[in-house]
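Numbers 29 to 260, taken from my numbering, label the letters of the sequence shown in order. Don't be surprised by glycine CBs; every beta carbon is placed ideally from N, CA and C. Just so it is clear, the structure is predicted and the values come from calculations on it, not from any experiment. Heads up: the structure comes next, in structure tokens.
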Amino acid sequence: MRTHRCAVVPPDPDPAVTSSAVAQTPHLDEPRPRGGRLPRRERREQLLGAALEVFVRQGYHAAAMDDIAERAGVSKPVLYQHFPGKLDLYLALLDLSCDAIIDNIRTALESTQDNKMRVTAAIDAFFEYVGSDSGTFRLVFESDLTNEAEVRQRVDRVTTECASLIAQVIHEDTDLPGPAANLLAVSLVGMAQVSARFWISDQAGLAREHAVALVSGLAWRGIRGYPKTDDA
């Protein structure tokens, strides 16, 4: 895989992402106080934020709409005005979470033309996502509802779309055919996901920077050898 060099300018944080319901999770100590009427969009974000806290802490099956309404500081009728049921709430959160990780990978790949640094940036995007205080990654990678078709479809979309972004770079820089590039990309995504989840469980016992350096080093040593020569 060819290595291109250029200056790397870290992208500015996206306000739309950092202010969303999945970007930050308030403390769970007390329910939010009941307040006045909010614009529909703000109310929806408030409800999603409350639902995220409850789902991350209790899991889907143990969570109840009563818990979410109480956490949001609203009545159940208000909650049901925005979301007909618990699954609708969960799927809305899952869509936001999946979009966030896919956008993070896209941003990482576009942050530089140096392929070694691209690998590091992409691996770090997974570690950063998993290490977020919100615990959002549990909705995507550790869902207790993966037997539900609509949930499984969204979880699979993360792997498929992240791999597609990476495969495009591999194909352009190695001339490998699409299926081969896609297989390598899926392998890289799988390695990043599993290693990041192992790291956040504290079993690795490593700082994030060290963990990212190790995993990205392994990934780069493997991918840089393509395309193989006849005597490789």
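In the three-state DSSP reduction, residue 169 falls in the helix class (H, G or I).
Going by DSSP, residue 149 is part of the alpha helix (DSSP H) stretching over 143 to 158. Contact annotation: residue 80 and residue 122 have beta-carbon atoms that are not nearer than 8 Å.
By the CB criterion at 8 Å, residue 133 and residue 243 fall outside the cutoff. Around the C-beta of residue 164, 16 or more other C-beta atoms lie within 10 Å, and the residue is accordingly described as buried.
Within the same chain, and ignoring the five residues on either side of residue 112 in sequence, no residue has its Cβ closer than 6 Å to its Cβ. Per DSSP, residue 81 is one residue of the alpha helix (DSSP H) stretching across 68 to 86.
When secondary structure is reduced to three states using DSSP, residue 207 falls in the helix class.
Using a Cβ distance threshold of 8 Å, residue 178 and residue 119 count as a contacting pair. Exclusion of the five residues before and after residue 241 leaves 148 as the residues of its chain whose Cβ lies within less than 8 Å of its Cβ. Each of 230, 237, 238 and 246 was checked against the Cα of residue 215, and the nearest Cα belongs to 246.
The residue among 209, 197 and 207 with its C-alpha nearest the C-alpha of residue 142 is 197. Across the set 101, 254, 89 and 228, the C-alpha of 254 shows the shortest separation from the C-alpha of residue 209.
Judged by their CB atoms, residue 110 and residue 72 are nearer to each other than the 8 Å cut-off. Between residue 182 and residue 174, the gap from beta carbon to beta carbon reaches 8 Å or more. 8 Å or more divides the Cβ of residue 154 from the Cβ of residue 232.
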